[in-house]
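A.B. asks: Dropping a structure here in structure tokens format, bear with me for questions.
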Amino acid sequence: MTVPAATAGSDVDAGPPAPRTVPTPTPDERRARASQSFWTAVVGVPAVFSVLRLGVEAGGELQTTLLLVANVGPVNLLAGFLTTAARLLSTGLVAVFALGAVLGVSVDRLPGHRRPLFARWADITPAWFVVASFLLALVTWRLLYLPLLLPAFVAAFQLRPERLHELMPARVLIVAALLGGYLFLLAPTLLDAWRQGEHLVLALLLAPPVLALAIAGPLPGAVIRPLASITEAAVLAMLVWAALPVITTPVLPLTVTTVETAPGVTEDVRGHVVVVDDVNMVLLQERGGVRYVPIDQVQGQVLCPSEEELPRHRLRVHDFHVEDSLLEALGRRVRPVHRIDAGCRTTA
0 MTVPAATAGS DVDAGPPAPR TVPTPTPDER RARASQSFWT AVVGVPAVFS VLRLGVEAGG
60 ELQTTLLLVA NVGPVNLLAG FLTTAARLLS TGLVAVFALG AVLGVSVDRL PGHRRPLFAR
120 WADITPAWFV VASFLLALVT WRLLYLPLLL PAFVAAFQLR PERLHELMPA RVLIVAALLG
180 GYLFLLAPTL LDAWRQGEHL VLALLLAPPV LALAIAGPLP GAVIRPLASI TEAAVLAMLV
240 WAALPVITTP VLPLTVTTVE TAPGVTEDVR GHVVVVDDVN MVLLQERGGV RYVPIDQVQG
300 QVLCPSEEEL PRHRLRVHDF HVEDSLLEAL GRRVRPVHRI DAGCRTTA
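Residue numbers are given in numbering that gives the first Met the number 0: position 106 of the sequence shown equals residue 105, and the series is strictly consecutive.
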């Protein structure tokens, strides 16, 4: 007997199935994924922070959180986030663009290397958005940290000293003039910091301009991959560490309300005003709990600063306090800081 030959479509001697190959994403697909992840982070992080802030301010109590959600509108949340978290958001963007540009120009010299995440984000971000991020940092960062924008800007746009002038002597003169003007601008502040022993302030004011001269890439190929992983983890850890004060910053203003609990007897209630209607004033007390105060018992109310707003340094840059941002400093020029009410001190 003879065995019939295997015909097409039969399972005889079919052999093992061919391995399935996963298509390699094209550069356009990678760019689209990077763009989607970047804008998701930019839009989603503020929304998550706003919800977390309400939960933290409510002390973790569900009913209090629901009360705040019902009375704190999205406009108030957005305004509170922009005034307190804009500094954090701009810090994250500036770090991503500066590190991404340095890593990107370093990888370009090594064909075959996969571009780090920050480099891909920097590639797909339009230049106007990068400039807007630096402008946001310029007006929201404290004056003490503004010099750090110099090396970050140089790294983000790869501004090497060679681009200042073709001739080395002229280049040295231009750099010396820029550094001399910077020192002349901050000379009074530097002298005061030296007299007061503020060595950290001196380092924050003097080190960034020197670092800006050599921070532009490219980097050696051996350090690109480990540096990319370390910097991405470091930026994430920095944002988480810096986000804790932002989450715990109150959304509502801190007040001291004088309440007449009995004829001729008053009590100062320190807390945040949630809502006021024709019947009650709802206060979220600083030490926890919600208190409903009848309107006819309210005798007075003052606005108080929080502990985070109190200055810690006695240094100024041309009449601007080093712990103020440009936005805050200009605002104090328009409306100077009033004296703290005595009720804020006695009930603290």
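Beta carbons are placed, not taken as given, at the ideal position from N, Cα and C, and that holds for glycine. Please read all numbers here as calculations on a predicted model, not as lab measurements.
Can you grab the Cα-Cα spacing for the pair Val209 / Leu203, in whole Å?
C.D. replies: Each residue's alpha carbon lies about 11 Å from the other.
A.B. asks: If I measure Cβ to Cβ from Asn70 and keep anything under 8 Å in the same chain, skipping five residues before and after, which residues do I get?
C.D. replies: Contacts found: Val273, Val274, Val281.
A.B. asks: What are the residues that DSSP puts in a beta bridge with Gln284?
C.D. replies: In DSSP, Gln284 forms a bridge with Gly270.
A.B. asks: Hey, how far is the Cα of Glu327 from the Cα of Ala232?
C.D. replies: Rounded to whole angstroms, Glu327 to Ala232 spans 32 Å at the Cα level.
A.B. asks: Entirely within the stretch 201-279 and at least 3 residues each: give me those beta strand (DSSP E) ranges in chain order.
C.D. replies: Taking only runs of at least 3 residues, the beta strand (DSSP E) segments lying wholly in the stretch 201-279 are 253-261, 264-275.
A.B. asks: What's the C-alpha gap between Gly91 and Trp193?
C.D. replies: Distance between the alpha carbons of Gly91 and Trp193: 31 Å.
A.B. asks: Distance, Cα to Cα, Ala118 vs Arg286?
C.D. replies: Going by the C-alpha atoms only, they are around 46 Å apart.
A.B. asks: Which two residues bound the contiguous alpha helix (DSSP H) that contains Val416?
C.D. replies: Because residue 416 is not part of the residues shown, which for the chain are 0 to 347, the question remains open.
A.B. asks: Could you pull out every residue in the same chain whose Cβ sits closer than 8 Å to the Cβ of Thr260, ignoring the five residues on either side in sequence?
C.D. replies: The residues are Glu266, Gln296.
A.B. asks: By alpha-carbon positions, which one of Val292, Asp277, Thr254 ends up nearest to Pro304?
C.D. replies: Checked all of Val292, Asp277, Thr254; the closest Cα to Pro304 is Thr254.
A.B. asks: Does DSSP put Val299 in a helix, in a strand, or in coil?
C.D. replies: The sequence shown places Gly at residue 299, rather than the Val named in the question. The answer is strand: DSSP assigns Gly299 an E or B state.
A.B. asks: Can you tell me which of Ile294, Thr63, Ala215, Val289 puts its alpha carbon nearest to the alpha carbon of Val278?
C.D. replies: Answer by Cα proximity: Ile294.
A.B. asks: For Thr215, count the other beta carbons within 10 Å of its own beta carbon; 16 or more makes it buried, fewer makes it exposed. Which is it?
C.D. replies: It should be pointed out that residue 215 corresponds to Ala in this sequence rather than to Thr. Under this definition Ala215 is a buried residue.
A.B. asks: Given a threshold of 16 other Cβ atoms within 10 Å of its Cβ, counted over all protein chains shown, does Arg114 qualify as buried or as exposed?
C.D. replies: The residue is buried, with at least 16 neighbouring Cβ atoms inside 10 Å.
A.B. asks: Let me confirm a value: Leu98 is counted as buried when at least 16 other C-beta atoms fall within 10 Å, else exposed. Which label applies?
C.D. replies: With 16 or more other Cβ atoms within 10 Å, it is buried.
A.B. asks: When the Cα atoms are used, what is the spatial distance from Ser57 to Val93?
C.D. replies: The sequence given here places Ala at residue 57; Ser does not occur at that position. About 32 Å.
A.B. asks: Taking Cys343 as the reference, which of Leu65, Gln300, Ser105 has the closest Cα?
C.D. replies: Measuring from the Cα of Cys343, the nearest candidate turns out to be Gln300.
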